[in-house]
Every structure is written in C-alpha cells, then in structure tokens.
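These protein sequences, in sequence, are chains A and B.
Just so we're aligned, residue 1 is where the first sequence starts under the UniProt record's numbering, counting upward by one.
Just so we're aligned, residue 1 is where the second sequence starts under the UniProt record's numbering, counting upward by one.
Yeah, the Cβ is synthetic: ideal placement off N, Cα and C, and Gly gets one too.
Inspection log for the structure reproduced underneath, given as structure tokens.
Protein chains: 2
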Amino acid sequence: MSAAHQALRTARRSGRELAVTVLDKGTHTSYSACGIPYWMAGDVASGDDLVARTADQHRAAGIDLRLGVEVVGADLVARTVTTADGTVVEYDDLVVASGAPAVVPGWALRPDGSAYDGVGVVKTLDDGAAWLERFRAADEGARVVVVGGGYVGVEVAEAALRHGFGVTVLTRGRGMSMLEDEMKERVNAALRDAGAEVVLGAEVTGLDTEGDRVTGVRWDGGSRPADLVVVAVGVRPATEFLAGSGVEMADNGALRPDPHGRIAEHLWAAGDCCEVRRRIDDAWVFRPLGTYATKHGRALGDSLAGGSLAFDGMVDTSITRFAHGDTYLEIARTGLSSAEASDLDVVSLVTEGTTTTGYMPEAEPIAIWVMADRTTRRLLGVQVAGGRGAGKRIDTAAAVLWAGGTVDDLAWMDLAYAPPFSSTWEVLGVAARRVAERI
Amino acid sequence: MSAAHQALRTARRSGRELAVTVLDKGTHTSYSACGIPYWMAGDVASGDDLVARTADQHRAAGIDLRLGVEVVGADLVARTVTTADGTVVEYDDLVVASGAPAVVPGWALRPDGSAYDGVGVVKTLDDGAAWLERFRAADEGARVVVVGGGYVGVEVAEAALRHGFGVTVLTRGRGMSMLEDEMKERVNAALRDAGAEVVLGAEVTGLDTEGDRVTGVRWDGGSRPADLVVVAVGVRPATEFLAGSGVEMADNGALRPDPHGRIAEHLWAAGDCCEVRRRIDDAWVFRPLGTYATKHGRALGDSLAGGSLAFDGMVDTSITRFAHGDTYLEIARTGLSSAEASDLDVVSLVTEGTTTTGYMPEAEPIAIWVMADRTTRRLLGVQVAGGRGAGKRIDTAAAVLWAGGTVDDLAWMDLAYAPPFSSTWEVLGVAARRVAERI
Chain A
1 MSAAHQALRT
11 ARRSGRELAV
21 TVLDKGTHTS
31 YSACGIPYWM
41 AGDVASGDDL
51 VARTADQHRA
61 AGIDLRLGVE
71 VVGADLVART
81 VTTADGTVVE
91 YDDLVVASGA
101 PAVVPGWALR
111 PDGSAYDGVG
121 VVKTLDDGAA
131 WLERFRAADE
141 GARVVVVGGG
151 YVGVEVAEAA
161 LRHGFGVTVL
171 TRGRGMSMLE
181 DEMKERVNAA
191 LRDAGAEVVL
201 GAEVTGLDTE
211 GDRVTGVRWD
221 GGSRPADLVV
231 VAVGVRPATE
241 FLAGSGVEMA
251 DNGALRPDPH
261 GRIAEHLWAA
271 GDCCEVRRRI
281 DDAWVFRPLG
291 TYATKHGRAL
301 GDSLAGGSLA
311 FDGMVDTSIT
321 RFAHGDTYLE
331 IARTGLSSAE
341 ASDLDVVSLV
351 TEGTTTTGYM
361 PEAEPIAIWV
371 MADRTTRRLL
381 GVQVAGGRGA
391 GKRIDTAAAV
401 LWAGGTVDDL
411 AWMDLAYAPP
421 FSSTWEVLGV
431 AARRVAERI
Chain B
1 MSAAHQALRT
11 ARRSGRELAV
21 TVLDKGTHTS
31 YSACGIPYWM
41 AGDVASGDDL
51 VARTADQHRA
61 AGIDLRLGVE
71 VVGADLVART
81 VTTADGTVVE
91 YDDLVVASGA
101 PAVVPGWALR
111 PDGSAYDGVG
121 VVKTLDDGAA
131 WLERFRAADE
141 GARVVVVGGG
151 YVGVEVAEAA
161 LRHGFGVTVL
171 TRGRGMSMLE
181 DEMKERVNAA
191 LRDAGAEVVL
201 GAEVTGLDTE
211 GDRVTGVRWD
221 GGSRPADLVV
231 VAVGVRPATE
241 FLAGSGVEMA
251 DNGALRPDPH
261 GRIAEHLWAA
271 GDCCEVRRRI
281 DDAWVFRPLG
291 TYATKHGRAL
301 GDSLAGGSLA
311 FDGMVDTSIT
321 RFAHGDTYLE
331 IARTGLSSAE
341 ASDLDVVSLV
351 TEGTTTTGYM
361 PEAEPIAIWV
371 MADRTTRRLL
381 GVQVAGGRGA
391 GKRIDTAAAV
401 LWAGGTVDDL
411 AWMDLAYAPP
421 FSSTWEVLGV
431 AARRVAERI
C-alpha cells in the first residue's frame with residue numbers, strides 16, 4: 001500500500017494519470033503485524049487500533065482495492081495475472097508485494113492440512129483474534145509452549161505471561177538467533193526471571209494430541225504438556241504464483257528488486273516477499289520487516305510513477321523488548337554478527353554500563369557488544385541489551401554503519417550527555433573506545 | 001583529571017616516567033557539576049555521589065594533587081606558575097584545565113563583593129551544598145526566582161518546584177537560547193504547566209534587599225518578591241592568570257587548543273576554559289560541557305605522553321529534561337541553529353509524531369525540528385522535544401552530522417522499529433523526509 005499511495009502522489013505531482021488496482025487475498029490491509037503480540041498481551045485494546053489505514057481509506061484515496069482475491073498465476077509476457085476464481089487481470093506494471101506468511105511445520109498439522117486446535121501462528125489480524133479467543137477460553141494456569149525464540153517468540157512469551165499462563169519457550173539454538181551468545185544469554189535470563197522456562201537446542205519433532213486438540217509438544221530430548229502451542233518459526237515469501245515465470249528468486253523464494261523496486265521491465269517488487277541489500281557486506285538477506293517494506297514500497301511507487309526515490313539498502317537493525325512484572329529488557333542489534341563476519345579479522349567486546357549516570361535513581365544496567373574490523377577499523381556490528389533507554393541507542397550505531405564509519409567515530413562522536421540520559425562519556429562511546437583500544 | 005590519568009596511562013604503556021602535579025583552587029575534584037541540580041531536587045542523596053574520583057583516589061593513581069591552591073600567574077618562558085601564596089612551581093609541560101566559574105553579575109553583589117544572602121550560583125559542590133541548606137531553611141511557599149533560562153536554569157527550576165517553592169524563571173530572550181523559537185515555546189509551556197512562572201525578555205536590573213538579604217528582583221518591565229535568587233546566566237573561562245602571557249584567547253578569555261590539546265610548545269589546554277571546534281561550520285564555539293572536557297582531556301593526556309589520540313571536534317549536541325508532577329519533557333539539540341546558519345540557504349520544518357507507535361499505551365508526543373542545506377542537501381541541525389525516549393534520539397542526528405551526511409541519509413537510514421520504540425518509519429526519519437521533500 002506504500003507503493004500504491006506513493007505512485008499516486010508522484011503521478012499527481014507530474015500530472016500523470018495512474019489506475020492502481022490492489023489484489024489481496026487477506027481480509028485486512030495496512031495493519032501492524034508487529035503489534036499483534038502487544039494486542040495479545042493486552043497493551044492494545046483492539047485489533048482495529050493496529051490498522052493504519054482501512055480498506056475504505058485506501059479506496060477514498062483512489063485505489064481499486066479488492067480484498068479476498070488470491071493471485072495464483074502470472075503471465076509476464078501477456079502481462080496478466082490470474083486469480084483463484086479464474087479471473088484474468090491485465091496490467092501495464094505488476095507490483096509484487098505478496099508478503100511472507102508464517103511457516104507452519106508439518107508436525108503442527110492434522111492429516112487434512114489444518115492445524116490442531118490450540119496451535120497457531122502469529123502473523124495476520126485473524127491470527128491475533130484467534131489467539132485472544134484461545135487465551136480467553138483457556139483455564140487459569142494453562143500451559144503455553146512457544147516454538148521459536150526469535151522476536152515473535154519472545155514477544156508472545158511476554159503476552160502469555162501477562163495472562164498468567166505457564167510459558168515454555170523452545171529454541172533451536174542458544175536463544176535469539178540474531179544475537180551474539182553473550183547477548184542471547186541476557187534475554188534467556190530475563191525470560192527465566194519473569195517465570196518462563198527456556199529450553200535451548202530444542203528441535204520439535206511432534207505434538208501429542210487428543211482428538212483434534214494439542215496436549216503436548218515433543219522434541220529431541222524432552223517433552224512438555226501443552227494446552228496452547230504458538231508456532232513462531234519464521235515466514236516464507238509468498239511467491240509460488242511466480243513459479244515458472246522465469247523470475248530469479250533466492251532459495252526461499254524471495255525476490256531481489258533493485259533500490260527502485262524494479263525486477264524486470266514492467267515487474268516490480270517490495271516488502272516481505274523480497275530480500276534486501278545489506279550495505280555493510282553488500283549481501284542479500286531475508287529480513288521481512290515493516291520498516292524496509294514501507295521504505296522500499298515508497299521508493300518503488302515513486303519510481304514506477306516516474307520519480308527517482310531509492311531504497312539504498314539497510315544495515316540490519318532490529319529491536320524488541322521483553323517486559324513482565326519487574327523484568328524489563330530492551331534488546332537491539334545492527335550490522336553483522338560475528339558469524340556473518342567470519343571472513344574478516346575482527347575485534348569484539350561486551351561493555352557493561354548504565355543507561356544514565358550511575359548516581360541517578362533511574363540508572364539501569366546496559367550491556368553493549370561492539371565488533372570492528374581490525375584492518376580497516378570499520379565498525380561492523382553493535383548489539384545492546386539493557387533497561388529503559390538502552391534499545392534505541394542502536395540507532396546511533398546504525399547511523400555510523402550507514403555512513404561506513406569506524407569504531408573511532410562511534411567512540412569519539414558527539415553524543416548527548418546529561419545525568420538523566422547517559423554517563424559523561426556515553427556508554428555506547430565507551431564500548432566503542434574499549435574495542436578501539438584493543439585493535 | 002582526564003588528561004592527568006591518560007598521560008600516566010600512555011606513559012606507562014611506553015615505559016616512560018611522568019611526574020604529574022595538579023593544582024586546583026577548589027575543595028573537590030572530578031565531580032559532576034551537571035548533577036548538582038538533581039542533588040538539589042532530591043534525586044541524588046549526597047554530594048559524595050557526584051564525585052567520580054576522590055582526591056585520595058587520584059593520589060593513589062600517582063598524581064600529586066594539591067587542593068586549595070590557586071594559580072595566579074604563569075611565566076611561559078621560564079616555565080613556572082605562581083600560586084596565590086607566592087610559591088613558584090616549575091614545569092616541563094603546563095596543562096591549563098582551569099575551567100569556567102559561574103558569572104555573577106554586579107547586581108547580585110553587595111558593596112563588599114560578596115553575594116546577598118539568598119543569592120547564589122550553581123556550579124561547584126559547595127554551591128550545591130549551600131543551595132540545599134537554603135532550601136532546608138526556607139519557609140514552605142518560599143519564592144524562588146531563577147535568573148537565566150538555559151540548561152541550568154530549567155534544571156534548577158525543576159529542583160525548586162520539587163521542594164514546593166513558588167518559582168519564577170527570568171530569561172533574556174524567548175526561552176532556552178540554544179533552541180529554535182518553536183522548541184523554546186514547548187519548554188516554556190512545560191515550565192508553566194508544572195506551575196512555574198516564565199518571564200520572557202527580562203533583563204535583570206537589580207535586587208531589592210533588606211540588610212544583607214534579598215527580598216526581590218527587578219528587571220526592565222517588572223519585579224517579583226524573592227526569598228531566593230538562583231543566578232544561572234552562564235560561565236566564563238578562568239584564564240585571567242594567563243593575562244599578558246601572549247597566549248591567544250577568544251573575547252571571553254577562552255583558549256583554542258588543537259585536537260591534541262596543544263596551544264604552544266609546552267603549553268596545553270582542555271575543558272571548560274577552552275572553546276571547541278564545531279565540525280559542521282568549522283567554527284570555534286564556547287560550550288563548557290563535561291563530555292567535551294573529558295574527551296579533549298583524554299586526547300591531551302595521551303598526546304602529551306607521546307600518543308596520538310585526538311579530539312576531532314563536536315557537532316554541538318546537548319540534552320536536558322524538565323520533569324515535575326505529570327509534566328515531563330526531554331529536550332535536545334545538535335548542529336546549527338537557524339541563526340547560526342543565516343549565511344546558508346536552508347529548509348527547516350517541525351514535525352510532530354509519537355515516541356512509540358501511536359497505538360502503544362506508552363506513546364508520548366514528540367516534536368522534531370530539522371534543518372538542511374537547500375543546495376547540498378546536507379543535514380545542518382536537529383532539535384527534539386518530547387516525552388520519554390525523545391531526547392536521546394538526538395544522538396542519531398548527531399551521528400549523521402558527524403559524518404557530514406545529508407537529510408536523505410537521516411530520512412532513509414535503517415533506524416530500529418518495534419511498536420514500543422517508534423512508528424514503522426521512525427519519527428526522526430519522517431521529520432527528515434518531510435524536509436527532504438521540500439528541497
């Protein structure tokens with residue numbers, strides 16, 4: 001929808017006419033998938049609050065929006081798409097923004113292909129509504145198993161804890177895969193402090209069931225009874241309808257548009273169905289985040305309508321929070337992980353400090369992992385875990401990565417200091433300085 | 001003290017011997033002057049909490065620290081300094097880190113040169129202790145007039161309000177001079193919401209007194225009764241002892257050392273007695289902030305002992321907070337003001353948004369002023385005023401300024417998004433994008 005609106009804006013500015021048709025198989029548009037865990041937790045009162053623009057608002061802006069319409073095929077030569085009911089829709093330009101539905105592993109499914117009762121993913125507003133209904137219907141002390149320890153897994157664990165449920169988080173690795181081990185441990189510790197069980201290295205092998213209902217989860221090495229099972233193991237690009245069209249795709253089906261969203265003549269793509277370009281190592285990576293979708297969509301819409309806006313890649317920034325009772329941890333990362341920098345000679349270090357000057361009553365611990373290239377001194381990656389005010393510090397590191405700056409830049413640059421906000425030498429700068437001193 | 005310690009560290013690393021003597025006319029070292037208003041407010045329990053390193057700790061590190069020793073003259077050829085009691089101290093290298101005491105205007109002083117009872121500045125730990133004593137002794141409902149609407153003025157107003165005093169803030173201009181008018185107004189509104197009176201355009205002309213005590217403050221256009229008067233009209237470099245030495249100084253007496261703290265052979269300086277170099281316009285500006293002092297001191301100490309660390313200037317970042325009762329406002333700035341950019345063709349705009357996604361319960365308003373160069377698209381300045389999480393966003397803008405980036409960089413760079421932290425397109429990026437669209 002970002003692309004659609006921007007295309008209309010740019011066209012209008014240059015006096016061009018554009019007819020924009022949007023086909024979507026879902027029932028809602030422009031909703032915040034990231035907000036669903038907070039809706040599940042009770043922080044957000046209604047699913048409607050998560051809708052940035054309703055279908056009516058899109059239509060009022062001049063977009064021919066058709067919901068509940070699934071595209072099942074595309075003929076890029078004839079320039080038509082075919083919908084599930086056999087309708088053929090012609091186009092001048094095709095924008096693929098088909099997103100990435102949640103992956104549902106085989107073990108979650110009954111023989112008929114539907115999920116067992118009590119089992120579900122967290123992706124659409126309908127998923128969120130189903131979870132709220134399941135939470136409401138569940139007994140006090142119900143046992144929730146969350147499969148997947150990524151962002152969604154941690155956020156949903158928080159939501160389930162808020163409802164007073166018993167929570168077990170199963171994660172294949174040592175915790176959140178996008179974090180270094182030292183930082184993963186802090187997240188695991190926070191989950192445990194708040195009363196969740198965290199099982200590391202758990203590869204789920206199957207469910208226990210009674211009739212249509214789930215009653216437990218089994219993995220190599222253990223099992224737990226479960227009344228509800230949240231499947232949060234990732235998403236996969238919805239690009240099957242392009243199979244056989246000759247369009248180049250990544251192994252998982254993701255598209256690789258240029259900064260303007262262009263894939264081929266008359267073919268465009270942006271959003272969760274695409275990989276994005278990471279500036280630091282010029283790698284294509286699959287990061288289905290709303291912030292990239294919005295930016296790339298806007299660049300696409302502008303370019304399609306004759307403009308020149310570009311989405312010049314990303315530096316792999318992301319953030320979340322885990323909060324329950326007295327436990328509060330902000331978690332963020334940007335840049336490469338040590339695994340992603342395995343070809344480089346790097347120096348990295350975790351620095352501990354406080355979010356404000358230590359003598360202020362609101363001071364909370366913060367830990368910052370910084371990695372730099374030993375040869376070029378270039379900053380490569382930063383991760384943060386800590387109390388209130390910790391997480392958004394990642395933006396400062398992201399800005400340095402965006403500019404291709406060095407660890408010395410981050411150490412010495414002019415970051416804001418006053419006692420309620422930082423130590424005299426901002427802890428992010430101290431963390432960078434300590435790495436710089438070891439190069 | 002940063003310079004002293006770093007010099008010893010660097011010397012030790014290269015096997016050199018250094019004898020470091022520190023002469024200070026005060027009674028404390030290494031304390032956080034910025035913390036004094038929070039001590040006055042009751043956020044910090046004791047003045048000792050503000051002391052980063054005690055005299056004993058400095059001495060244990062091998063520094064010959066002599067407190068209560070005022071230097072009154074220097075002979076840069078003979079390489080000696082003279083103290084108030086006539087002692088002549090020889091040196092190989094002289095480091096001037098004499099700071100900048102608070103300015104006390106003539107109207108605050110009795111004929112004998114001491115301040116009237118009830119009148120004081122906020123700079124040293126002794127000042128802080130005196131204020132706490134005055135606050136303790138004051139009647140409930142005492143009237144406090146704060147002269148000066150800068151950072152210290154606003155922070156002290158907060159402290160006085162917390163004690164239940166009636167507070168009037170007098171400011172010469174339209175509010176905090178380091179902010180644009182649109183942002184000044186937000187600070188003034190917050191002060192007023194919290195119960196303070198704010199008088200703009202008030203140039204103090206004198207005090208009303210009874211015996212040795214202040215009873216009121218007069219300015220061109222008004223007057224108020226006052227039991228206590230906080231003088232927060234700025235500071236001035238303590239470099240009088242270098243008068244006649246031939247050292248180049250700014251009009252206010254500030255020194256201008258190079259990035260290594262070097263002024264001339266065997267003469268070094270850093271800290272509040274110096275101006276600093278602003279990278280954006282390569283201007284010398286007087287910004288007596290602890291964060292610059294610490295960095296410049298460290299670079300100085302390292303360079304003096306044979307190292308090469310440099311303080312490569314600043315981008316004019318600063319931050320504070322005003323909090324009382326339900327009123328809470330974080331205020332920050334970086335880069336140039338519109339007045340400082342008057343030679344350039346600029347575009348600027350205030351954007352309003354929220355600190356988190358709008359649907360989250362913790363969302364608070366934020367206003368961001370962004371200024372860019374119309375010709376080069378270079379980012380020139382950013383100012384922020386808003387709720388929790390607003391202020392430290394300035395660091396991201398500071399990082400762009402540090403790198404000489406454009407408003408497009410700030411608009412499109414990869415800033416962290418999750419609902420508890422920002423809107424999908426981070427508000428700082430939206431503010432930059434709106435300016436970019438107007439170029």
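- A check of alpha carbon separations from GLU210 of chain A across A:ALA202, A:ALA305, A:LEU228, A:VAL427 identifies A:LEU228 as the nearest.
- Closer than 8 Å to the CB of ASP272 of chain B there is not a single CB belonging to chain A.
- Counting along the chain, the unbroken alpha helix (DSSP H) around THR396 of chain A starts and ends at 394-402.
- The three-state secondary structure of GLY297 of chain B, taken from DSSP, is helix.
- Counting only runs of 3+ residues, the beta strand (DSSP E) found wholly inside the stretch 143-193 of chain A occupies 143-147, 166-171, in chain order.
- For the stretch 50-100 of chain A, the full-length beta strand (DSSP E) segments reaching 3 residues or more read 63-67, 71-75, 80-83, 88-90, 94-96 along the chain.
- Going by DSSP, TYR38 of chain A is part of the alpha helix (DSSP H) stretching over 36-41.
- Taken through DSSP and simplified to helix, strand or coil, GLU352 of chain A comes out as strand.
- What LEU50 of chain A touches in chain B, judged by beta-carbon distance under 7 Å, is TYR359, going in chain order.
- The beta-carbon separation of LEU401 of chain B and ILE280 of chain B, rounded to 6 Å, stays under the 8 Å limit for a contact.
- Of A:GLY386, A:HIS163, A:VAL167, A:ARG186, the smallest CA-CA separation from ARG174 of chain A is found for A:ARG186.
- A distance below 6 Å between beta-carbons, with the five flanking residues on each side excluded, links ALA339 of chain B to no residue of its chain.
- Using beta-carbon distances, SER32 of chain A counts as an interface residue toward chain B, with a partner under 8 Å.
- GLU210 of chain A sits in a strand when the DSSP states are folded into three classes.
- Sorting B:ALA416, B:THR396, B:TYR417, B:MET413 by C-alpha distance to the C-alpha of MET413 of chain A places B:THR396 at the top.
- For ALA332 of chain B, a Cβ of chain A is located within less than 8 Å of the residue's own Cβ.
- By the CB criterion at 8 Å, GLU330 of chain B and GLY391 of chain B fall inside the cutoff.
- Restricting attention to A:ALA4, A:GLY148, A:THR406, the CA atom closest to the CA of MET371 of chain A is found in A:THR406.
- Taking a contact to require three or more Cβ pairs closer than 8 Å, the stretch 5-18 of chain A and the stretch 291-311 of chain A qualify as touching.
- Annotation for PRO420 of chain A: THR356, MET360, GLU362 place their beta carbon closer than 7 Å to its own, counting only its chain and skipping 5 residues before and after.
- The residue from B:ALA78, B:ALA11, B:ARG143 with its alpha-carbon nearest to that of GLY216 of chain B is B:ARG143.
- Per DSSP, THR10 of chain B is one residue of the alpha helix (DSSP H) stretching across 2-13.
- Residues of chain A whose Cβ lies closer than 7 Å to the Cβ of THR294 of chain B are, in chain order, THR424, TRP425.
- Residue-level contact check: GLY222 of chain A does not touch chain B, since none of the beta carbons of chain B fall below 8 Å from its beta carbon.
- At least one CB of chain B lies nearer than 8 Å to the CB of THR291 of chain A.
- Within the DSSP bridge table, the entry for THR320 of chain A names A:ILE331 as partners.
- With respect to chain A, the C-beta atom of ALA157 of chain B has no partner C-beta closer than 8 Å.
- At a beta-carbon threshold of 7 Å, the residues of chain B lying near THR320 of chain A are ALA418, ordered along the chain.
- For SER30 of chain A, the CB contacts under 6 Å within the same chain, skipping 5 residues up- and downstream, are MET1, ALA52, ARG53 in chain order.
- Neighbours of ILE394 of chain B across chain A, judged by C-beta separation under 7 Å: ALA416.
- In this structure, LEU410 of chain B keeps its C-beta atom at 8 Å or more from the C-beta atom of GLY381 of chain B.
- Straight through space, the alpha carbons of TRP369 of chain A and ARG13 of chain B are spaced by roughly 26 Å.
- Spanning the alpha carbons of CYS34 of chain A and GLY195 of chain B requires a straight line of approximately 39 Å.
- At a C-beta separation below 8 Å, ALA398 of chain A has these neighbours in chain B: THR396, MET413, ASP414, LEU415, ALA416.
- DSSP places GLU197 of chain A in the strand class (E or B) of the three-state scheme.
- Taken through DSSP and simplified to helix, strand or coil, THR291 of chain B comes out as helix.
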